[in-house]
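For the record, the sequence lines run as chains A and B.
Here the first sequence is numbered in numbering that gives the first Met the number 0, starting from 0 and rising by one per residue.
Here the second sequence is numbered in numbering that gives the first Met the number 0, starting from 0 and rising by one per residue.
Cβ coordinates follow ideal geometry from the N, Cα and C atoms, glycine included.
Owing to the predicted nature of the structure, the values given are computational and were not obtained by experimental measurement.
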Amino acid sequence: MMPVRAIEWLGTEVRERIGAFGFFVRFILNLLCRSAIALRRPRLVTQQLHFLGNHSLLIIVVSGMFIGFVLGLQGYYTLSRYGSEEALGLLVALSLVRELGPVVTALLFAGRAGTALTAEIGLMKAGEQLAAMEVMAVDPLQRVLVPRFWGGVIAMPILATVFSMVGIMGGWIVGVQMIGVDAGSFWSQMQAGVDVFNDVLNGVIKSIVFGVAVTAIALYQGWQARPTPEGVSRATTRTVVAGSLVVLALDFLLTALMFSN
Amino acid sequence: MNRIPDAVHEADIVVAFEDLTVGYGGIPLLQGIDIQVKKGQVVTLMGGSGTGKTTLLRAATGQLAAQKGRVLVFGKDIATMTAEELRATRQRMGVLFQQGALFTDLNVFENVAFPMREHTQLGERAIREKVLDTLHAVGLRGAAHQRVSEVSGGMARRVALARAIALDPEVVMYDEPFAGLDPISMGVTATLIRTLSDRLGCASIMITHDVAESFQISDYVYLVGQKQLKAHGTPAQLRQSQDPYVHQFLNGEPDGPVAFHYPETPAFEDWLRKRESADAKAKTP
Numbered sequence: 000m001m002p003v004r005a006i007e008w009l010g011t012e013v014r015e016r017i018g019a020f021g022f023f024v025r026f027i028l029n030l031l032c033r034s035a036i037a038l039r040r041p042r043l044v045t046q047q048l049h050f051l052g053n054h055s056l057l058i059i060v061v062s063g064m065f066i067g068f069v070l071g072l073q074g075y076y077t078l079s080r081y082g083s084e085e086a087l088g089l090l091v092a093l094s095l096v097r098e099l100g101p102v103v104t105a106l107l108f109a110g111r112a113g114t115a116l117t118a119e120i121g122l123m124k125a126g127e128q129l130a131a132m133e134v135m136a137v138d139p140l141q142r143v144l145v146p147r148f149w150g151g152v153i154a155m156p157i158l159a160t161v162f163s164m165v166g167i168m169g170g171w172i173v174g175v176q177m178i179g180v181d182a183g184s185f186w187s188q189m190q191a192g193v194d195v196f197n198d199v200l201n202g203v204i205k206s207i208v209f210g211v212a213v214t215a216i217a218l219y220q221g222w223q224a225r226p227t228p229e230g231v232s233r234a235t236t237r238t239v240v241a242g243s244l245v246v247l248a249l250d251f252l253l254t255a256l257m258f259s260n
Numbered sequence: 000m001n002r003i004p005d006a007v008h009e010a011d012i013v014v015a016f017e018d019l020t021v022g023y024g025g026i027p028l029l030q031g032i033d034i035q036v037k038k039g040q041v042v043t044l045m046g047g048s049g050t051g052k053t054t055l056l057r058a059a060t061g062q063l064a065a066q067k068g069r070v071l072v073f074g075k076d077i078a079t080m081t082a083e084e085l086r087a088t089r090q091r092m093g094v095l096f097q098q099g100a101l102f103t104d105l106n107v108f109e110n111v112a113f114p115m116r117e118h119t120q121l122g123e124r125a126i127r128e129k130v131l132d133t134l135h136a137v138g139l140r141g142a143a144h145q146r147v148s149e150v151s152g153g154m155a156r157r158v159a160l161a162r163a164i165a166l167d168p169e170v171v172m173y174d175e176p177f178a179g180l181d182p183i184s185m186g187v188t189a190t191l192i193r194t195l196s197d198r199l200g201c202a203s204i205m206i207t208h209d210v211a212e213s214f215q216i217s218d219y220v221y222l223v224g225q226k227q228l229k230a231h232g233t234p235a236q237l238r239q240s241q242d243p244y245v246h247q248f249l250n251g252e253p254d255g256p257v258a259f260h261y262p263e264t265p266a267f268e269d270w271l272r273k274r275e276s277a278d279a280k281a282k283t284p
């Protein structure tokens, strides 16, 4: 009986996961199909951009600064063993622009803005606000979720850019100001080594993909949340867990696609 | 057989339930319901808690599909409407939710302005005047600037009422419009509901437990319970009714056909047995 039960359990799990993924894909398609409102009423998107972007700025700037400090210290420690301290600026910039900027920003965004989105949508559902909208002949997907989706997608690359810029400044403070690496080498190696298309653009593309993934997951979890305090709490937890794992998995895929020969 | 007895013109019927069965998960909550609501009429749905009054309202707004029978709104079966037809029908409705369902990210003014912004091309000045007039009607003009979290429960219900009537709908459905209101607000709200129906000719469907207030303004009352329509008639007819169910409900008597205690089902007995067994095991050293 045991092997039969195990197979039955496995089959149920696989079927449910495939079903859930199908619902998620359909949810994203629904959002995209209703996205014309973002052009018709851009103010709805800018409001969300302000809410998601500005309110995440502090955590992004502080985290970027500390990541830059650590990169400066660790980079100097490693490079000095090979007598290449002048390449510190290049190391810091490439690390941030290619990887850490988009990835860490997406993880922080999932924790800060993603949870806020899930909780907001979940509580709107629990308070019958979404049902009220539907009865008022207003499509809640279009009126509530689409502006939040595009707000998140636009906010992410901007925040990732800010994160990378602040991180580079952090690396400069530690490397140049505190340790004494030559400032000219720091900046010139960075300028010569960082390619706008291969590095910066790919980093921006990554952050846009992460923005789509994290925002869609956060909205989906809120939309699907059970309309109870416990249901909303579980949904916010799922947003962070699923959002973070998807970001890391997508990062591997995108890195393999973008930077492999 | 349970229809309003007087002659009714088809065109005057705004909402009609025809042999309707509604419920959740395949289990019927109400069966064989026949109700008609005409233009300018205030119709009250009454019944004990959990008897399915709000479920009927959800069926009328298209939020819940009928298990059997039909729900006709403005003469069309809501189950056969296209998405666009349903949207157009809902624009002609106003609904006051049991919990108010105000948008917590908007202030009082913006909540009432919401349907205008979504469905009309009115300018800001016209919206401001219309919203302040509607808020004045519910006595909350001076609270227009306040956040929803700053107003009391009773005030929130009045804001929700203002939002429901903001676009002068042809039918307004009120789910517990008097809950949480002080006596003065209750009287004003009742008068407002009656006035709306008289002045604009809109139909009003009201779910309430407040017998005194609702009987003063209602044209017709339906009483539901025990999964069916138990009685209906004008307030005067129901007051004179000798039906023990109607008598007990209207007079709030503890004894009678309406059971105060929720019935003990096999599921409850099974749960209790397990619970007692677990407690006995826990006591054993």
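Name the DSSP beta bridge partners of residue 203/B, please? In the DSSP output, where bridge partners are listed per residue, residue 203/B has 41/B and 171/B.
With distances taken from CA atoms, which of 212/A, 245/A and 253/A is nearest residue 26/A? Taking the Cα of residue 26/A as reference, the smallest distance to any Cα among 212/A, 245/A and 253/A is reached at 212/A.
Length of the line joining the Cα atoms of residue 268/B and residue 276/B: Residue 268/B and residue 276/B: Cα-Cα distance of roughly 12 Å.
So, helix, strand or coil for residue 208/B, using DSSP? Reduced to three states, the DSSP call for residue 208/B is coil.
Assuming residue 178/B contacts residue 216/B under a Cβ cut-off of 8 Å, what Cβ separation, rounded to an integer in Å, is found between them? Residue 178/B to residue 216/B, Cβ: 16 Å. No contact.
Under three-state DSSP, which class holds residue 68/A? Here residue 68/A sits in helix by DSSP.
Bounding residues of the beta strand (DSSP E) (the contiguous stretch that carries residue 153/B): No beta strand (DSSP E) holds residue 153/B; the alpha helix (DSSP H) holding it covers 152–164.
Other residues of its chain near residue 15/B: CB distance less than 6 Å, five sequence neighbours each side excluded: Leaving aside the five residues that flank residue 15/B on each side, the residues in its chain whose CB is nearer than 6 Å to its CB run, in chain order, 35 and 71.
So what does DSSP say about residue 63/B, is it helix, strand or coil? Coil at residue 63/B, not helix or strand.
Under 8 Å by beta carbon: chain A residues contacting residue 100/B: The contacting residues are 126, 127, 128, 130 and 131.
Between the alpha carbons of residue 205/B and residue 13/B, how many angstroms are there, rounded? Residue 205/B and residue 13/B have their alpha carbons spaced roughly 14 Å apart.
Where the stretch 42–62 of chain B meets chain A: residues whose CB sits under 7 Å from a CB there: Residues of the stretch 42–62 of chain B with a Cβ closer than 7 Å to any Cβ of chain A, in chain order: 60 and 62.
Compare the C-alpha of residue 118/B against each of 155/B, 235/B and 162/B and name the closest. Answer by Cα proximity: 162/B.
Determine the burial state of residue 197/A: buried for a count of at least 16 other Cβ atoms within 10 Å of its Cβ, exposed for fewer. So residue 197/A counts as exposed.
Do the CB positions of residue 166/A and residue 87/A come within less than 8 Å of each other? Between residue 166/A and residue 87/A, the CB-CB gap reaches or exceeds 8 Å.
May I ask which residues mark the beginning and end of the beta strand (DSSP E) holding residue 261/B? No beta strand (DSSP E) holds residue 261/B; DSSP gives it neither H nor E.
Taking just the CA atoms, how far does residue 274/B sit from residue 152/A? Distance from the CA of residue 152/A to the CA of residue 274/B, rounded to the nearest whole angstrom, comes to 51 Å.
Alpha carbon to alpha carbon, how far is residue 195/B from residue 247/A? Give it in angstroms, no decimals. Going from the Cα of residue 247/A to the Cα of residue 195/B covers about 58 Å.
Could you tell me which chain A residues have their CB closer than 9 Å to the CB of residue 157/B, listed as they occur along the chain? Within chain A, no residue comes near residue 157/B; the closest Cβ sits about 16 Å away, beyond 9 Å.
Can you find a C-beta in chain B that's less than 8 Å from the C-beta of residue 135/A? Answer yes: the Cβ-Cβ gap between residue 135/A and chain B drops below 8 Å somewhere.
If the cut is a Cβ gap below 7 Å, which residues of chain A does residue 114/B touch? Proximity of chain A to residue 114/B at the Cβ level (cut-off 7 Å) is accounted for by 135, in chain order.
Check the DSSP bridge columns for residue 221/B and list the partner residues they point to. DSSP lists 44/B and 231/B as partners of residue 221/B.
What does the alpha-carbon distance come out to for the pair residue 243/B and residue 235/B? Taking the straight line from one Cα to the other gives about 16 Å.
I'd like to confirm something about residue 105/B: is its beta-carbon nearer than 7 Å to some heavy atom of the ligand FMN, or not? For the ligand FMN, the structure offers nothing, since it holds no ligand at all.
What are the boundary residues of the beta strand (DSSP E) that residue 13/B is part of? Taken as a continuous stretch (DSSP letters only), the beta strand (DSSP E) holding residue 13/B covers 12–23.
Between residue 198/B and residue 74/B, what straight-line distance do the alpha-carbon atoms span, to the nearest angstrom? Their backbone Cα atoms lie some 22 Å apart in a straight line.
Any alpha helix (DSSP H) of 4 or more consecutive residues that is wholly inside the stretch 180–212 of chain A: Scanning the stretch 180–212 of chain A for uninterrupted alpha helix (DSSP H) segments of 4 residues or longer gives 182–192, listed from N- to C-terminal end.
Can you give the Cα-Cα distance for residue 253/B and residue 33/B, rounded to whole angstroms? Each residue's alpha carbon lies about 28 Å from the other.
Using 8 Å as the cut-off, can you tell me whether the stretch 139–149 of chain B makes contact with the stretch 102–117 of chain B, which would need three or more C-beta pairs spanning the two stretches below that distance? The stretch 102–117 of chain B and the stretch 139–149 of chain B touch, with three or more beta-carbon pairs separated by less than 8 Å.
Could you tell me the boundaries of the alpha helix (DSSP H) in which residue 255/B lies? No alpha helix (DSSP H) holds residue 255/B; DSSP gives it neither H nor E.
For residue 16/B, decide whether its Cβ has a neighbour in chain A, counting only Cβ atoms nearer than 8 Å. Taking CB atoms only, residue 16/B has no neighbour in chain A less than 8 Å away.
Taking the alpha carbon of residue 49/A as the reference point, which residue from 188/A, 206/A, 155/A and 205/A has its own alpha carbon closest? Cα-wise, what sits closest to residue 49/A is 155/A.
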